[in-house]
Amino acid sequence: MNRHAIQRLGFGLLGFVALVVVIPIVLIIALIVVRGAGAISWEFLTTMPYDGMKAGGIFPAIVGTLLLTMGTAVVSIPIGVGGAIYLSEYAKDTWLTRAIRLALVNLSGVPSVVYGLFGLGLFVLFLRMGTSILAGSLTLAIMTLPVIISTSEEALRAVPMEFRTVSASLGGTRWQGIRHVVLPQATSGIITGILLGLLRAGGETAPILFTVAAFYLPKLPTSPLDPVMALPYHLYVVSTQVPGMPPQMQYGTALVLLVLVLSMNVVSSLIRSYFRRRRQW
Amino acid sequence: MMTSPVDRREPIKLGAFLIEWFVRLAGLSTIGFVILIFFFLLREGIPALFEVPLSNLFGTAWYPTFGYYGTIPLILGSLLVTLTAVVIALPLGIASAVFVREVAPNWVREVLKPLIEVLAGIPSVVLGFFGMTILVPAIRTLLNIPTGLTAFSGALVLAYMALPTIISVAEDALDAVPKSYRDAGLAMGATRWQTIWRVVVPAARSGIVTAVMLGLGRAIGETMAVMMITGNAARMPLGLDALFKPVRTMTATVAAEMGEVAQGSVHYHVLFGIGIILFLVTFVINLFAAKSIFKKRYRGGLR
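Chains as they are written, first to last, in the working numbering: chain W, 1 to 281; chain R, 1001 to 1303.
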């Protein structure tokens, strides 16, 4: 066999492996969409569960996940974008900056269940927040930070140096340059990063197991110190904790969760391509 | 922003001053959070060392109800599932990265990359659910074993969860290999296939090692999917068939049992102790990965 035949064979093999990687992804999504679609109805999306969650809807879980995601956003966006601005625009290459980078690497590697333990130890017990939306949002926010910081920093660094020098040459202060020139240019990258982080937070189960999630709570929360149901945890509950659960309920919950998470994914890529077309550099 | 007729620059300076401090604090907060996490894990976990003799803690029996807190089966369970996952994910990931970066025509790349990104976005509980309903029964029938809830099923799902990380980091590493390297290979009369495996991939070696480390770190900390499909039997995973029997990992143990223990009990402290082990292990793995991130990867060369 000559080497060109080997190359053809090799490339074919690589393509086959790529298919092996991609096909299960398509299968998973198709399966959940096909089997879950039958469960989706106005009633399923907007009513309380009853009969031990075997009937009714998943409204409180949807509300819970939206509230948690919003709570996470409120805390993690300012700190995350702030941290990214510091790292890209202010930080010099000192031991302190390197320590921050090391901390980021570490934070992004901490297992989600360990975030759950931390949230339980600090927010739920030590700060006496109880299992609540507040405790869960704070836990998820810290987990989300490294994603937001690293993607936003990358977006800020991608803005060419000339933009900053021109702003300074016009008499702008450093902050004015950042506020009016650099940040607007980096918006799309920052929003993408934020959405990626929140998407992860909204789909997580382990960090909310001991900090927020209610097994079965057929009413809506009235304060940030209330526990809530959440979609990922609800999927875990209906698929493993309750015997005799109709598969429709499981696939329906999985589908709603998947749509919620993947729609953020789609929105973030749309934003990215929209801004890329309008970019001035 | 507020302005006063007397001195219009003053409030702007104050605002900028405050914002610059906020930004600095936001950056520093990451260090604070790492310290806080470690502190609270230690605070709740260290008492276990005084309450349970070491021979028990590092014993081979995990029966918390009867006072046996042997963590060895859990540690070995995590190792078995994680290492198997990496062994599966490594060839798949590198081959896919090479295909996407070096071989695939543009339109194929445009299809593959978003799909792999979608995989990264699927919540682990959804993958666990898929594993439970489709993969586990399939493995049971295919291999003709009593239960499909095995270490192997867990490793398979974990491998797919680690793939997006491995592929994207490996792809970046390949991308960073200067074009002149490829040109030199081709100019010597090598085929593209030869150039890829003898020039490009070796040049991207350290980045590929980083990819594997990050994938390993993701896999060892994964909780929900593993808890739902590995069967959660806390026994020593020894013997050749251990891979095809139920196991229990450290993460699954914490997630499954923390909800039911009394706060401040021995069991509670031991679970936090497992959290400390997980924190330290992932810290070390990520430190290794970061070392190659911080290091400059290539010595010059035209892109």
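Where a beta carbon is used, it is the ideal one built from N, C-alpha and C, also for glycine.
Since residue i and residue j should fall inside the 8 Å C-beta cutoff, what is the C-beta to C-beta distance between them, to a whole number of angstroms?
{"i": "Thr205 (chain W)", "j": "Met1236 (chain R)", "result": "Not quite, the Cβ-Cβ distance comes to about 28 Å (not below 8 Å), so this is no contact."}
{"i": "Thr131 (chain W)", "j": "Pro207 (chain W)", "result": "About 12 Å; that fails the 8 Å criterion."}
{"i": "Phe1058 (chain R)", "j": "Ile1072 (chain R)", "result": "6 Å"}
{"i": "Ala61 (chain W)", "j": "Leu231 (chain W)", "result": "5 Å"}
{"i": "Thr1253 (chain R)", "j": "Leu1278 (chain R)", "result": "Not quite, the Cβ-Cβ distance comes to about 10 Å (not below 8 Å), so this is no contact."}
{"i": "Met942 (chain R)", "j": "Glu1222 (chain R)", "result": "What the structure shows of chain R is the stretch from 1001 to 1303, and residue 942 (chain R) is not part of that stretch, so it cannot be assessed."}
For residue i, which residues of its own chain have a beta-carbon under 6 Å away from its beta-carbon, when the five flanking residues on both sides are left out?
{"i": "Tyr1298 (chain R)", "result": "With a pLDDT of only 43 at Tyr1298 (chain R), under 50, the local geometry of the prediction cannot be trusted, and no value is derived from it."}
{"i": "Tyr50 (chain W)", "result": "Gly56"}
{"i": "Tyr1181 (chain R)", "result": "Val1199, Ala1203"}
{"i": "Ala18 (chain W)", "result": "none"}
{"i": "Gly1217 (chain R)", "result": "Thr1282, Ile1285, Asn1286"}
{"i": "Arg35 (chain W)", "result": "Tyr251"}
{"i": "Ala141 (chain W)", "result": "Thr72, Val75, Ser76"}
Counting only the same chain and skipping the five closest in sequence on each side, list residues whose C-beta sits under 7 Å from that of residue i.
{"i": "Phe163 (chain W)", "result": "Val181, Val182, Gln185"}
{"i": "Leu225 (chain W)", "result": "Met129, Gly130, Ser132, Leu134"}
{"i": "Ala947 (chain R)", "result": "No statement about residue 947 (chain R) is possible, as the shown extent of chain R runs from 1001 to 1303 and does not include it."}
{"i": "Arg1109 (chain R)", "result": "Val1100"}
Please classify residue i as buried or exposed, where buried requires at least 16 other C-beta atoms within 10 Å of its C-beta.
{"i": "Asp1241 (chain R)", "result": "exposed"}
{"i": "Val1284 (chain R)", "result": "exposed"}
{"i": "Ala1048 (chain R)", "result": "buried"}
{"i": "Ile77 (chain W)", "result": "buried"}
{"i": "Arg1248 (chain R)", "result": "buried"}
{"i": "Thr1141 (chain R)", "result": "exposed"}
{"i": "Pro160 (chain W)", "result": "exposed"}
{"i": "Lys1013 (chain R)", "result": "exposed"}
{"i": "Pro221 (chain W)", "result": "buried"}
{"i": "Val1087 (chain R)", "result": "exposed"}
{"i": "Phe215 (chain W)", "result": "exposed"}
{"i": "Trp1062 (chain R)", "result": "buried"}
{"i": "Ala91 (chain W)", "result": "buried"}
{"i": "Asn2 (chain W)", "result": "exposed"}
{"i": "Glu1020 (chain R)", "result": "buried"}
{"i": "Pro111 (chain W)", "result": "buried"}
Give every residue of the same chain whose Cβ lies closer than 8 Å to the Cβ of residue i, excluding the five residues on either side of it in the sequence, and list them in chain order.
{"i": "Ile32 (chain W)", "result": "Tyr251, Ala254, Leu255, Leu258"}
{"i": "Ile1185 (chain R)", "result": "According to the sequence shown, residue 1185 (chain R) is Gly rather than Ile. Closer than 8 Å at the Cβ level, and outside the excluded window around Gly1185 (chain R), lie Gln1194, Thr1195, Arg1198, Val1199, Val1200."}
{"i": "Leu14 (chain W)", "result": "none"}
{"i": "Pro960 (chain R)", "result": "Residue 960 (chain R) lies beyond the range of chain R shown here (1001 to 1303); nothing can be said about it."}
{"i": "Ala168 (chain W)", "result": "Arg174, Gly177"}
{"i": "Arg157 (chain W)", "result": "Ser88"}
Can you name the start and end residues of the alpha helix (DSSP H) that residue i belongs to?
{"i": "Asp1175 (chain R)", "result": "1151-1175"}
{"i": "Pro207 (chain W)", "result": "206-209"}
{"i": "Pro232 (chain W)", "result": "231-236"}
{"i": "Val1316 (chain R)", "result": "Residue 1316 (chain R) lies beyond the residue range present for chain R, which begins at 1001 and ends at 1303; the question has no answer from this structure."}
{"i": "Ile23 (chain W)", "result": "3-37"}
{"i": "Gln241 (chain W)", "result": "Here Gln241 (chain W) belongs to no alpha helix (DSSP H), and DSSP marks it neither H nor E."}
{"i": "Ala1187 (chain R)", "result": "1179-1187"}
{"i": "Asn1254 (chain R)", "result": "Correcting the residue identity first, residue 1254 (chain R) is Val in this sequence and not Asn. Residues 1250-1257."}
{"i": "Phe163 (chain W)", "result": "161-169"}
{"i": "Tyr216 (chain W)", "result": "Note, Tyr216 (chain W): premise wrong, no alpha helix (DSSP H); not H, not E."}
{"i": "Asn1056 (chain R)", "result": "1054-1057"}
{"i": "Leu1137 (chain R)", "result": "In the sequence as displayed, the identity of residue 1137 (chain R) is Pro instead of Leu. Counting along the chain, the alpha helix (DSSP H) containing Pro1137 (chain R) begins and ends at 1136-1143."}
{"i": "Met1228 (chain R)", "result": "1224-1229"}
{"i": "Met1087 (chain R)", "result": "Per the sequence shown, the amino acid found at residue 1087 (chain R) is Val instead of Met. 1072-1098 is the extent of the alpha helix (DSSP H) around Val1087 (chain R)."}
{"i": "Asn106 (chain W)", "result": "95-109"}
{"i": "Thr65 (chain W)", "result": "59-85"}
{"i": "Val1200 (chain R)", "result": "It is not in any alpha helix (DSSP H) - Val1200 (chain R) carries neither H nor E in the DSSP assignment."}
{"i": "Ser137 (chain W)", "result": "133-157"}
Does chain B have any CB closer than 9 Å to the CB of residue i?
{"i": "Gly83 (chain W)", "result": "Note that chain B does not occur in the displayed structure, where the protein chains are W and R."}
May I ask whether a heavy atom of the ligand GDP can be found less than 8 Å away from the beta carbon of residue i?
{"i": "Thr211 (chain W)", "result": "Although the ligand GDP was asked about, the structure shown includes no ligands whatsoever."}
Proximal residues, the segment 172-194 of chain W versus chain R, C-beta separation under 7 Å: Thr173, Trp175
With 7 Å as the C-beta to C-beta threshold (strictly closer), list the residues of the segment 224-249 of chain W near chain R in chain order. Pro232, Leu235, Tyr236, Ser239, Thr240
Closer than 7 Å, Cβ to Cβ, to anything on chain W: give me those residues from the segment 1243-1273 of chain R, in chain order. Thr1251, Val1254, Ala1255, Met1258, Gly1259, Gln1263, Phe1272
Check distances from the C-beta atoms of the segment 1112-1129 of chain R to those of chain W and list, in chain order, the residues that come in under 8 Å. Leu1112, Pro1114, Leu1115, Ile1116, Glu1117, Val1118, Leu1119, Gly1121, Ile1122, Pro1123, Ser1124, Val1125, Val1126, Leu1127, Gly1128, Phe1129
With 9 Å as the C-beta to C-beta threshold (strictly closer), list the residues of the segment 1215-1244 of chain R near chain W in chain order. Gly1217, Arg1218, Ile1220, Gly1221, Glu1222, Thr1223, Met1224, Met1227, Met1228
Any residues in the segment 1152-1168 of chain R with a beta carbon nearer than 9 Å to a beta carbon of chain W? Which ones, in chain order? Tyr1160, Leu1163, Ile1167
Relative to chain W, which residues along the segment 1185-1215 of chain R have a C-beta separation below 9 Å, given in chain order? Ala1190, Thr1191, Arg1192, Trp1193, Gln1194, Ile1196, Trp1197, Leu1214
When Cβ atoms are compared, which residues of the segment 1017-1038 of chain R fall closer than 8 Å to chain W? Ile1019, Glu1020, Phe1022, Val1023, Arg1024, Leu1025, Ala1026, Gly1027, Leu1028, Ser1029, Thr1030, Ile1031, Phe1033, Val1034, Leu1036, Ile1037
By the 9 Å beta-carbon criterion, what residues does the segment 136-149 of chain W contribute toward chain R? Ile142, Leu145, Pro146, Ile149
Of all the residues that make up the segment 10-26 of chain W, which are near chain R by a beta-carbon distance shorter than 8 Å? Gly10, Phe11, Leu13, Leu14, Gly15, Val17, Ala18, Val20, Val21, Val22, Pro24, Ile25, Val26
Quick one: which residues of the segment 249-263 of chain W get their C-beta closer than 8 Å to a C-beta of chain R? List them in chain order. Gln250, Ala254, Leu257, Leu258, Val261, Leu262
If the cut-off is 9 Å on Cβ atoms, which residues from the segment 1097-1110 of chain R count as contacting chain W, listed in chain order? Val1098, Phe1099, Val1100, Glu1102, Val1103, Ala1104, Val1108
Where the segment 89-106 of chain W meets chain R: residues whose CB sits under 9 Å from a CB there: Glu89, Tyr90, Ala91, Leu96, Thr97, Arg98, Ala99, Ile100, Arg101, Leu102, Ala103, Leu104, Val105, Asn106
Residues within the segment 1273-1286 of chain R neighbouring chain W, beta-carbon criterion of under 8 Å: Gly1275, Leu1278, Phe1279, Thr1282, Phe1283, Ile1285, Asn1286
The segment 1050-1076 of chain R: which residues have C-beta closer than 7 Å to a C-beta of chain W, in chain order? none
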